[in-house]
Amino acid sequence: MHPHYAAIYRVVRFVPKGRVATYGQIALLSGLPHGRARQVGYALHALRPDSKVPWQRVINARGEISLDAEGASRQRQILASEGVEFDERGRVDLRRYQWRPRHMRFLTAV
DNA sequence: GCCAGGGCGCTAA
DNA sequence: ATTAGCGCCCTGG
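Counting in the numbering used here, the final residue of the first sequence is number 114, and the numbers go up one at a time with none missing.
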């Protein structure tokens, strides 16, 4: 596996239930050069179905789910079951639900 | 709020 | 080997 992917997964695992993170945020926290947000999407897409990485907690910077209709409804259902609310336009209020880590524990957790 | 353009790495043609 | 889109984001208008 590409080392960047491992770094991405390590960070995503720390996003708690009931909160979300953005692709750009994960890229930044993962230490990718220049915050390559797009690569986070590829890393999550490459996850095995039985993975323990909470991929569903990563959404785009506008608070929207960035998947086709089928995948979006799956992701939304899981998030809703974790307590994340969506507005009538299908968006999450990031001011309310975005993960804001106080301590960067994932930096040492290998 | 919208749209366009640039940057980036991956993947399927 | 080349091209064309993308689970994106930033800046600028």
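We put the CB at the ideal spot given by N, CA and C, even for glycine.
Rounded separation between residue i and residue j - CA only
i: His38; j: Gln29; result: 11 Å
i: His6; j: Pro53; result: 18 Å
i: Gln79; j: Glu68; result: 11 Å
i: Arg106; j: Ser77; result: 31 Å
i: Val4; j: Gly75; result: In the structure displayed, the chain extends from 5 to 114; residue 4 sits before or after that span and is not available.
i: Ser55; j: Arg99; result: 28 Å
i: Val57; j: His49; result: 11 Å
i: Tyr27; j: Arg42; result: 7 Å
Supposed close pair residue i, residue j - CB separation, criterion 8 Å
i: Ala101; j: Val24; result: It should be pointed out that residue 101 corresponds to Tyr in this sequence rather than to Ala. That belief holds up - the Cβ atoms of Tyr101 and Val24 are roughly 5 Å apart, short of 8 Å.
i: Arg40; j: Ala31; result: 5 Å
Selection from the options that minimises the alpha carbon distance to residue i
i: Arg66; options: Gln43, Gly94, Ile82 and Ser55; result: Gly94
i: Asp97; options: Arg106, Ile12, Leu83 and His107; result: Leu83
i: Asp36; options: Tyr9, Val57, Arg61 and Ala73; result: Strictly speaking, residue 36 in this sequence is Leu, with Asp absent from that position. Minimum Cα distance to Leu36 is reached at Tyr9.
i: Arg61; options: Ala73, Thr112 and Gln81; result: Gln81
CB of residue i within 7 Å of CB of residue j, strictly
i: Glu86; j: Gly22; result: yes
i: Phe110; j: Arg14; result: yes
i: Trp59; j: Leu51; result: yes
i: Val44; j: Trp103; result: no
i: Ser34; j: Ile63; result: no
Run of the alpha helix (DSSP H) containing residue i, from where it starts to where it stops
i: Val15; result: Pro7 to Val16
i: Ser34; result: Segment: none, Ser34 is in no alpha helix (DSSP H) and carries neither H nor E.
i: Ile85; result: In the sequence as displayed, the identity of residue 85 is Ser instead of Ile. Per DSSP, Ser85 belongs to the alpha helix (DSSP H) from Ala73 to Ser85.
i: Gln43; result: Ala41 to His49
i: Leu98; result: Leu98 to Tyr101
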